[in-house]
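Below is one structure, written out as structure tokens; comments come after it.
Number of protein chains: 2
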Amino acid sequence: MIGSGEVTSIRSPRVKAVRQLARRSSRQRTRLFLAEGPQAVREALAWGQDAAPQDSDGARGVVTELFVTAEVRSRHDELTARAAAQGVPVLVVSGQVMAELAQTITPQGLLAVCRFIDVPLERLTAASPRLVVLLANVRDPGNAGTVLRTADAAGADGVVFSDASVDPYNSKCVRASAGSLFHLAVVAGSPLRQAAAALRGAGLQILAAEGGAVRELDELESDGVLGRPTAWLFGNEAWGLPADLLAAADQAVAVPIYGRAESLNLAAAAAVCLYASARARRG
Amino acid sequence: MIGSGEVTSIRSPRVKAVRQLARRSSRQRTRLFLAEGPQAVREALAWGQDAAPQDSDGARGVVTELFVTAEVRSRHDELTARAAAQGVPVLVVSGQVMAELAQTITPQGLLAVCRFIDVPLERLTAASPRLVVLLANVRDPGNAGTVLRTADAAGADGVVFSDASVDPYNSKCVRASAGSLFHLAVVAGSPLRQAAAALRGAGLQILAAEGGAVRELDELESDGVLGRPTAWLFGNEAWGLPADLLAAADQAVAVPIYGRAESLNLAAAAAVCLYASARARRG
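Just so you know, the sequences run in chain order A and B. Residue numbers for the first sequence follow the numbering used here, beginning at 6 and rising by one. Residue numbers for the second sequence follow the numbering used here, beginning at 6 and rising by one.
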């Protein structure tokens, strides 16, 4: 249903359908998710614009609908124009409807319904990746989204969300990724051990970040180990990594703790590890 | 009022007084804050136990009251015993009362009322610090708490919260710090420019983390600049640092972005910068 219009009732079937995308089960069923705010919407509209058309109805992007308040439309007319140029229906909604649709307490007045963009693991491994993140049982969507953003910044090729990890399309994860969800190859719901095996099969060493490990990150950096193609394995915020996975990794690596903190937050540890790899690759 | 007891009514004046500590104004007036969960309570009870008595009534710790559910008391009797040994009243509360007191959706059944522990800036500068964080207008309590935790892990001596930054005693900040609030010298509410001047007066170079800076972190690392005593200046999540502060810093430094992310999350950028300093100091 291409075209633009105005939606003012929170009882509109369209509003109801979009609201349901807050639930993972609805996202899984429809293979649609929400991207909120100008930054995410900009990245969503830019996605795949240099690629071939993906869709039989001619739409080549990932955005299927764009909701915007009148006020924000005037501030971001470049985005609504770009959406219209892609054949994306732009729906002007009242502030009340936007508040109903948005997952945030202070909605930014702009919300895109997007198609899933994750890729099969084989597509990532076939692309000769040099830096990959494998999230094992990571449950906090803010942490996962921050890791996505940091992985993007560090020049990683992809992020694999194992099947027991948070959904990458969770609204908090999308928001914390600050657009990076649209930049990297994201693999969703891979069985963890199979993913680790496939990444190793593609020539990547598996480095497991583990606070209690004997080997410290700085040693690996001096030894030249970090310059090799690497998949960093990060575990759950509270429980760490399962023993069998740790044992199967090429190395378990600790970020050194110089002060009295027990450990680092997952996203902080990932930042230190991924930037160590980025430096080693370029150094 | 030393002693232990049982509180079962959410209308108890004690419960009401503690609930008010969720508000910054009440914290400021009473100079008390809340630490939730076993880890934070353990650190709070350990605080200052090697120092001289601080208080005319003989209590030398920071905890003034400990609330615990019956269930959690049996699981953490070492903590309630330690509290009792310090003369801290231990109050057994129902799950309903704990839910009323706690700032979290899933309360951990253990909550300490603590005295403020921040120190004047002069105490931090007098201690010849080598690594300090100065938070300028940082508003997100989760980010601020994560930076505290990371600063602790990287061996920093203190964290200064400028007057326009979030309150370090905000419950989300306390929680994200994972006990590190009790490990470092925390300075609260310093006027930003005076704090920067005082830190420089104490012999620290001011390095301003700024995504758009021309000099990159890796250059400074190679040049040996990072080995010097340093105060890292981190700005607001959205707006960055004020121009005059940037101009007054010894260097503005960018964490390099290798991929397509626009920037790093504040806590991730701080992790990369602080660990670069920690490495340089020890390298």
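Glycine residues also receive a C-beta, built at the ideal position from the N, C-alpha and C atoms. Keep in mind it's a predicted model, so treat the numbers as computed, not measured.
Legend entry - residue 39 of chain A, DSSP secondary structure in three states: strand
Inset, instruction - Output the boundary residues of the alpha helix (DSSP H) element that contains residue 248 of chain A. - result: 248-253
Inset, instruction - Identify the continuous alpha helix (DSSP H) that holds residue 101 of chain A and give its terminal residues. - result: 100-106
Inset, instruction - Tell me, to the nearest whole angstrom, how far the beta carbon of residue 213 of chain B is from that of residue 250 of chain B; I am working on the premise that it is less than 8 Å. - result: 7 Å
Legend entry - Cut-off 8 Å between Cβ atoms - residues of its own chain near residue 170 of chain B, not counting five sequence neighbours on either side: 140, 141, 142, 143, 144 and 149
Inset, instruction - List the residues of chain B that residue 188 of chain A touches, going by C-beta distances under 9 Å, in chain order. - result: 264, 265 and 266
Legend entry - Exposed unless 16 or more other CB atoms sit within 10 angstroms - verdict on residue 110 of chain A: exposed
Inset, instruction - Please check if any C-beta of chain A sits within less than 8 Å of the C-beta of residue 270 of chain B. - result: yes
Inset, instruction - Can you grab the Cα-Cα spacing for the pair residue 86 of chain A / residue 30 of chain A, in whole Å? - result: 32 Å
Legend entry - Contact list for the stretch 156-171 of chain B against chain A, Cβ threshold 8 Å: 156, 157, 158, 159, 160 and 161
Legend entry - Residues, ordered as in the chain, of the stretch 271-288 of chain B that lie near chain A by beta-carbon distance below 7 Å: 272, 273, 276, 277, 280, 283 and 284
Inset, instruction - Return no unless some Cβ of chain A is closer than 8 Å to the Cβ of residue 214 of chain B. - result: no
Legend entry - Own chain residues within Cβ distance below 6 Å of residue 121 of chain B, not counting five before or after: 36
Legend entry - Proximal residues, the stretch 172-186 of chain B versus chain A, C-beta separation under 8 Å: 181, 183, 184 and 185
Legend entry - Straight-line Cα distance separating residue 27 of chain B from residue 21 of chain B: 11 Å
Inset, instruction - Decide if the stretch 34-50 of chain B is in contact with the stretch 71-86 of chain B; the criterion is three or more beta carbon pairs, one per stretch, under 8 Å apart. - result: yes
Inset, instruction - Return the residue from the list A:112, A:100 and A:14 that minimises the CA-CA distance to residue 40 of chain A. - result: A:112
Legend entry - residue 243 of chain A classed as buried or exposed, judged by whether at least 16 other C-beta atoms fall within 10 angstroms: exposed
Legend entry - Buried versus exposed call for residue 114 of chain A [16 or more other C-beta atoms within 10 Å across all chains shown]: buried
Inset, instruction - Would you tell me roughly how many angstroms separate the C-alpha atoms of residue 60 of chain B and residue 100 of chain A, rounded to the nearest one? - result: Only weak support exists for where residue 60 of chain B lies, its pLDDT of 48 falling under 50; the value from the coordinates is given anyway. Going from the Cα of residue 60 of chain B to the Cα of residue 100 of chain A covers about 54 Å.
Legend entry - Three-way DSSP call (helix, strand, coil) for residue 268 of chain A in this model: coil
Inset, instruction - Taking residue 190 of chain B as part of the beta strand (DSSP E), name the residues at either end of that continuous run. - result: 190-195
Legend entry - Nearest-angstrom Cα separation, counted from residue 167 of chain A out to residue 194 of chain A: 5 Å
Inset, instruction - Tell me whether residue 280 of chain A sits in a helix, a strand or coil according to DSSP, three-state version. - result: helix
Inset, instruction - Would you verify that the beta carbon of residue 154 of chain A is, or is not, closer than 8 Å to some beta carbon of chain B? - result: yes
Inset, instruction - For my contact list, residue 211 of chain B and residue 205 of chain B are in at a C-beta cut-off of 8 Å; report their separation, rounded to the angstrom. - result: 6 Å
Legend entry - Among B:264, B:158, B:224 and B:51, nearest to residue 188 of chain A - alpha-carbon criterion: B:264
Legend entry - Min CB distance residue 85 of chain B to chain A below 8 Å: no
Legend entry - Nearest to residue 209 of chain B (by Cα), restricted to the options B:282, B:16 and B:34: B:282
Legend entry - Contacts of residue 151 of chain B in chain A (Cβ-Cβ under 8 Å): 270, 272 and 273
Inset, instruction - Label residue 215 of chain B either buried or exposed according to how many other C-beta atoms from any shown protein chain fall within 10 Å of its C-beta, with 16 as the threshold for buried. - result: buried
Inset, instruction - Enumerate in chain order the residues of its own chain whose CB-to-CB distance from residue 184 of chain A is below 6 Å, with the five nearest sequence positions on each side excluded. - result: 44, 45 and 48
Legend entry - Residues from the stretch 217-232 of chain A in contact with chain B, defined by Cβ distance under 7 Å: 223
Legend entry - Helix, strand or coil at residue 84 of chain A [DSSP, three-state]: helix
Inset, instruction - Classify residue 279 of chain B as buried or exposed, calling it buried when 16 or more other Cβ atoms lie within 10 Å of its own Cβ. - result: buried
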